[in-house]
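**Student:** After the structure tokens below, expect a handful of questions from me.
There are 2 protein chains.
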Amino acid sequence: METDIVIGIDIGGTFTKYGLVNRMGEVMGENAMPTKSEEPIDSFLERLQSNLDGLINEIGTTAIKGIGIGAPNANFYSGNIEKAPNLGWKGIVPLRKLIQDIYDLPVFITNDANAAAIGEMRYGIAQNMQNFVMITLGTGLGSGIVVNGQLVYGADGFAGEIGHTLVHGRHRIGGFGRRGVLESYVSVTGLKRTAFKMMADMVEPSELRDISFNHLTGVMVTQAALRGDPVAIATYEYTGMILGEALANTVAHLSPEAIILFGGLTKAGKYLLEPAQKHLEINLLPIYQNKIKLILSGLQDKNVAVLGAASLVWEELDKLEKKTKY
Amino acid sequence: METDIVIGIDIGGTFTKYGLVNRMGEVMGENAMPTKSEEPIDSFLERLQSNLDGLINEIGTTAIKGIGIGAPNANFYSGNIEKAPNLGWKGIVPLRKLIQDIYDLPVFITNDANAAAIGEMRYGIAQNMQNFVMITLGTGLGSGIVVNGQLVYGADGFAGEIGHTLVHGRHRIGGFGRRGVLESYVSVTGLKRTAFKMMADMVEPSELRDISFNHLTGVMVTQAALRGDPVAIATYEYTGMILGEALANTVAHLSPEAIILFGGLTKAGKYLLEPAQKHLEINLLPIYQNKIKLILSGLQDKNVAVLGAASLVWEELDKLEKKTKY
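Top to bottom, those sequences are chains A and B. The first sequence lines up with residues 162 to 487 when you count with our numbering. The second sequence lines up with residues 162 to 487 when you count with our numbering.
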């Protein structure tokens, strides 16, 4: 019998990744293409179909059960991408319908952090957890919340925007002109801004002092920290502190078993984790102290975006199967 | 056939209320006694048993199916009251076990705001809602969160302490020496403090200016506002503003259909609701704007504490019944 397979697609601001994944979470084949969202959506769909068909032929499978898509501001309920700030397609893109028009298969979409949370629950470190929070640290800060073993979509499919909560005592300007937004501190973009704050505040020499704002990348800060650069280490300390402060409010809402971190910033390891754990504990109510695990993703070396999008399909197909049983 | 009945008990800092409630949410009989938590728990249990037995005899029922208890810091999972700040019983009180030792019945406990949320879902304004947040405005600010039609207990039973989140840009000192704690603004205690801030900041005459801090009550501020007192109205405006600011972070986590307010402060009606709604909207991301209903409880005139504790029993008994069916 042929192995059942699903397609996982992750649409990012720059690249769109896609892969074929079996029920065990094994990626049978994967690839990527530029998103080019400045072009019309039709041209994106044409390129995507041609690339997917190529990959499907390569693998030689005919048993594709569904398609899962992770994308910024993608809404599980409506099937639309709505007002995504880092995609060029304006207004509302009815992505689920557009993909279903091409492939006559069940299609599920959600934002990338939600997809990562489901991937972590199905194949990663959260396999035995009923209540946890997933934080993805990329250009922005994404989050996926799991309660009683279920992803929280909220009333309208947009739950889990912890990156847009305001952090007490912090006033850096962020998206939509709001001040103190978590992701303006804790993200690759936030890390760069903090590195420049630290170069202003500190007198120690640093390899970062030779790099302009526009040339600095998150990877440079991380590698400098791992080499012992004092400014880069202080940058991560500050970033971790604010992450800890913000997550205390999350814990007071949800009292999760664990908070799982994923993404480029976690490459800094203890330089991020230790200040985050310390300042989380300092800011927690006594009833929550010394209970919350702040840990790294169990899927660090895998293509989580594709795996997460694929696991969304398995999750929903399993739900449908359960329903038809009773 | 005799009607099935459950016992609902609400243990408060000052009074303990109790009642007999049928499946329709009708309170067949109810009463209250002083909690006196400065005395040992055994003396409380003796008085409670004697009073409950009296009420049961009065009603003449023999078909009691279970007991539900709402109490501060009561943990659904452990069955304990843990470190409740406004109860005299120190450390950990194994309340569920103690009550089960007296009555050989299923006993369920949780905090009062969680009980209120279940009451609202079963008998109140949230009967058709799957995702909402209940906010109870008493001496403190309690909250109960419902996701996918289920109460959120979190990993350890302590989820839903929104009153202890920190509000951006606010620095009043609150519980455990933490600054900017929501409930130090939005609660009866917070309202009093704000009334004094307003008497300092404003020059308008006010009936509140004849009353000392220790003599002022929340009811006095509310009644003054309803009579048009400018200081009392400004006090409510400030309270509502901070409630709205804080709830924006809650929405970014949970994206609920509605936020339901209950308790003494809601007697001020529009003086609380209008600034709360306005400042909630101002602080929301665009994807959430003009979607979240901020409404008053559907159980305002009922004994929600007792009804909520009773509905916890019906909720759990129904779950058990479903489980044994499959």
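Each residue gets a CB set at the ideal place from its N, CA and C atoms; glycine is no exception.
(1) Under 8 Å between the Cβ atoms of Met-295 (chain A) and Gln-288 (chain A)?
(2) Given a limit of 8 Å on CB to CB distance, which residues of the segment 430-454 of chain A reach chain B?
(3) Per the DSSP calculation, Leu-298 (chain B) is bridged to which residue(s)?
(4) What does Asn-234 (chain B) reach in chain A if we use C-beta pairs closer than 9 Å?
(5) Would you list the one or two residues that DSSP bridges to Leu-457 (chain A)?
(6) Do Glu-344 (chain B) and Gly-301 (chain B) come within 8 Å of each other at the CB atom, strictly closer than that value?
(7) Relative to the alpha-carbon of Thr-223 (chain B), which residue among B:Met-360, B:Tyr-284, B:Glu-187, B:Ile-168 has its alpha-carbon at the smallest distance?
(8) Put Gly-221 (chain A) into one of helix, strand or coil per three-state DSSP.
(9) Note the first and the last residue of the continuous alpha helix (DSSP H) segment covering Met-381 (chain A).
(10) Would Val-313 (chain B) count as contacting chain A if we go by Cβ distances under 8 Å?
(11) In chain A, which residues lie with their C-beta within 7 Å of the C-beta of Asp-317 (chain B)?
(12) Find the nearest neighbour of Gly-401 (chain B) within the set B:Leu-445, B:Ser-416, B:Phe-374, B:Ser-348, judged by alpha-carbon distance.
(13) Should Leu-426 (chain B) and Leu-455 (chain B) be called a contact, given that it needs their Cβ atoms to be closer than 8 Å?
(14) CB-CB under 6 Å to Met-359 (chain B), same chain, minus the five flanking residues each way: which ones, in chain order?
(15) Between the alpha carbons of Gly-303 (chain B) and Phe-374 (chain A), how many angstroms are there, rounded?
(16) Based on Cα-Cα distance, which residue from A:Asn-234, A:Arg-354, A:Ile-263 lies nearest to Glu-252 (chain A)?
(17) For Val-167 (chain B), write down the residues that DSSP places opposite it in a beta bridge.
(18) In chain order, what residues of the segment 241-265 of chain A put their CB closer than 7 Å to some CB of chain B?
(19) Could you check where the beta strand (DSSP E) with Met-189 (chain B) kicks off and where it finishes?
(20) At a cut of 8 Å, does the segment 371-386 of chain A reach the segment 263-277 of chain A through at least three beta carbon pairs?
(21) At a CB distance below 9 Å, what residues from the segment 317-339 of chain B approach chain A? Give them in sequence order.
(22) Pull out every residue of the segment 399-423 of chain B whose Cβ sits closer than 7 Å to any Cβ of chain A, in chain order.
(23) Taking a cut of 9 Å between CB atoms, which residues from the segment 170-185 of chain A lie near chain B?
(24) Check whether the segment 454-470 of chain A and the segment 322-333 of chain A touch, using three or more Cβ-Cβ pairs below 8 Å as the test.
(25) Determine the burial state of Gly-389 (chain A): buried for a count of at least 16 other Cβ atoms within 10 Å of its Cβ, exposed for fewer.
(26) Classify Arg-339 (chain A) as buried or exposed, calling it buried when 16 or more other Cβ atoms lie within 10 Å of its own Cβ.
(27) Specify whether the segment 409-420 of chain B and the segment 432-446 of chain B touch according to this definition: at least 3 beta carbon pairs, one from each stretch, less than 8 Å apart.
(28) Have a look at Thr-164 (chain A) and Gly-469 (chain A) and give me their C-alpha separation to the nearest angstrom.
(29) For Gly-227 (chain A), which of A:Val-182, A:Ala-193, A:Trp-250, A:Ser-198 has the nearest alpha-carbon?
(30) Considering only C-alpha positions, which residue in the set B:Phe-293, B:Ala-466, B:Thr-297, B:Gly-318 is nearest to Ile-306 (chain B)?
(31) Examine chain A for any beta-carbon lying closer than 8 Å to the beta-carbon of Asn-309 (chain B), and answer yes or no.
(32) For Ile-306 (chain A), decide whether its Cβ has a neighbour in chain B, counting only Cβ atoms nearer than 8 Å.
(33) What in chain B is Cβ-close to Asn-375 (chain A), meaning under 8 Å?
(34) Provide the residue(s) that pair with Gln-311 (chain A) in DSSP beta bridges, ordered along the chain.
(35) Relative to the alpha-carbon of Gly-280 (chain B), which residue among B:Met-185, B:Glu-398, B:His-325 has its alpha-carbon at the smallest distance?
**Tutor:** Based on what the coordinates show:
(1) To locate residue 295 (chain A), count along the first sequence from 1; it is residue 134. To locate residue 288 (chain A), count along the first sequence from 1; it is residue 127. Contact annotation: Met-295 (chain A) and Gln-288 (chain A) have beta-carbon atoms that are not nearer than 8 Å.
(2) Closer than 8 Å at the C-beta level to chain B, one finds these residues of the segment 430-454 of chain A: Asn-444, Leu-446, Pro-447, Ile-448, Tyr-449, Lys-452.
(3) Here residue 298 (chain B) refers to the residue found at position 137 of the second sequence. In DSSP, Leu-298 (chain B) forms a bridge with B:Leu-302.
(4) On the second sequence, residue 234 (chain B) is found 73 positions in, with the first residue counted as 1. Near Asn-234 (chain B) (Cβ distances below 9 Å), the residues of chain A are Ile-448.
(5) Within the first sequence, numbered from 1, the residue matching residue 457 (chain A) stands at position 296. Looking at the DSSP output, Leu-457 (chain A) sits in a beta bridge with A:Leu-422.
(6) Numbered from its first residue, the second sequence carries residue 301 (chain B) at position 140. Numbered from its first residue, the second sequence carries residue 344 (chain B) at position 183. Cβ atoms of Gly-301 (chain B) and Glu-344 (chain B): closer than 8 Å.
(7) For this step, residue 223 (chain B) is matched to residue 62 along the second sequence. B:Ile-168 is the residue among B:Met-360, B:Tyr-284, B:Glu-187, B:Ile-168 whose C-alpha sits nearest the C-alpha of Thr-223 (chain B).
(8) Taking the first residue of the first sequence as 1, we reach residue 221 (chain A) at position 60. Here Gly-221 (chain A) sits in coil by DSSP.
(9) Locating residue 381 (chain A) in the first sequence gives position 220, where the first residue counts as 1. It spans 379-387 - the alpha helix (DSSP H) in which Met-381 (chain A) sits, taken as one unbroken run.
(10) Along the second sequence, read from residue 1 onward, the residue named residue 313 (chain B) stands at position 152. With 8 Å as the cut-off, Val-313 (chain B) counts as an interface residue toward chain A.
(11) For this step, residue 317 (chain B) is matched to residue 156 along the second sequence. Per Cβ cutoff of 7 Å: Ser-416, Lys-452.
(12) In the second sequence, counting from the first residue as 1, residue 401 (chain B) sits at position 240. Among B:Leu-445, B:Ser-416, B:Phe-374, B:Ser-348, the Cα nearest to that of Gly-401 (chain B) is on B:Ser-348.
(13) Stepping through the second sequence from its first residue, residue 426 (chain B) is reached at position 265. Stepping through the second sequence from its first residue, residue 455 (chain B) is reached at position 294. Cβ atoms of Leu-426 (chain B) and Leu-455 (chain B): not closer than 8 Å.
(14) Along the second sequence, one-based indexing puts residue 359 (chain B) at 198. The residues are Val-392, Ala-395, Thr-396.
(15) Along the second sequence, read from residue 1 onward, the residue named residue 303 (chain B) stands at position 142. Along the first sequence, read from residue 1 onward, the residue named residue 374 (chain A) stands at position 213. Those two C-alpha atoms are separated by around 45 Å.
(16) On the first sequence, position 91 is the one that residue 252 (chain A) refers to. One detail in the question is off: residue 252 (chain A) reads as Gly in this sequence, not Glu. Comparing Cα-Cα distances from Gly-252 (chain A) to each of A:Asn-234, A:Arg-354, A:Ile-263, the minimum goes to A:Asn-234.
(17) Taking the second sequence and counting its residues from 1, one reaches residue 167 (chain B) at position 6. B:Val-182, B:Gly-227, per the DSSP bridge assignment.
(18) Hits within the stretch, in order: Glu-243, Lys-244.
(19) Mapped onto the second sequence, residue 189 (chain B) falls at position 28. It spans 188-195 - the beta strand (DSSP E) in which Met-189 (chain B) sits, taken as one unbroken run.
(20) Contact between the segment 371-386 of chain A and the segment 263-277 of chain A is absent: fewer than 3 CB-CB pairs across the two stretches fall below 8 Å.
(21) So the list reads Asp-317, Gly-318, Phe-319, Ala-320, Gly-321, Glu-322, Ile-323, Gly-324, His-325, Thr-326, Leu-327, Val-328, His-329, Gly-330, Arg-331, His-332, Gly-336, Phe-337, Arg-339, given in the order they occur along the chain.
(22) Listed by position, the residues of the segment 399-423 of chain B near chain A (Cβ gap below 7 Å) are Asn-410, Thr-411, Ala-413, His-414, Leu-415, Ser-416, Pro-417, Glu-418.
(23) Interface annotation for the segment 170-185 of chain A against chain B: empty, criterion Cβ-Cβ distance under 9 Å.
(24) Because the criterion of three Cβ pairs below 8 Å is not met, the segment 454-470 of chain A and the segment 322-333 of chain A do not touch.
(25) Reading the first sequence from its first residue, position 228 is the one you call residue 389 (chain A). Residue burial is scored here from C-beta neighbours: Gly-389 (chain A) has fewer than 16 other C-beta atoms within 10 angstroms and is therefore classed as exposed.
(26) On the first sequence, position 178 is the one that residue 339 (chain A) refers to. Looking at its Cβ environment, which holds 16 or more other Cβ atoms inside 10 Å, Arg-339 (chain A) is buried.
(27) Contact holds: three or more Cβ-Cβ distances are below 8 Å.
(28) For the purposes of this step, residue 164 (chain A) is taken as the residue at position 3 of the first sequence. For the purposes of this step, residue 469 (chain A) is taken as the residue at position 308 of the first sequence. Whole-angstrom Cα-Cα distance: 19 Å.
(29) Locating residue 227 (chain A) in the first sequence gives position 66, counting from the first residue. The option with the nearest alpha carbon to Gly-227 (chain A) is A:Val-182.
(30) On the second sequence, position 145 is the one that residue 306 (chain B) refers to. Ranking the options by Cα distance to Ile-306 (chain B), first place goes to B:Phe-293.
(31) The residue labelled residue 309 (chain B) in the question sits at position 148 within the second sequence. Judged by the 8 Å Cβ criterion, Asn-309 (chain B) is in contact with chain A.
(32) The residue given as residue 306 (chain A) occupies position 145 in the first sequence. Residue contact with chain B for Ile-306 (chain A): present (Cβ-Cβ distance below 8 Å to some residue of chain B).
(33) Counting from 1 along the first sequence, the entry for residue 375 (chain A) is found at position 214. Neighbours of Asn-375 (chain A) on chain B: none; closest Cβ ~28 Å, over 8 Å.
(34) Position 150 of the first sequence holds residue 311 (chain A). Partner(s): A:Val-308.
(35) As a position in the second sequence, residue 280 (chain B) is number 119, starting the count at 1. Comparing Cα-Cα distances from Gly-280 (chain B) to each of B:Met-185, B:Glu-398, B:His-325, the minimum goes to B:Met-185.
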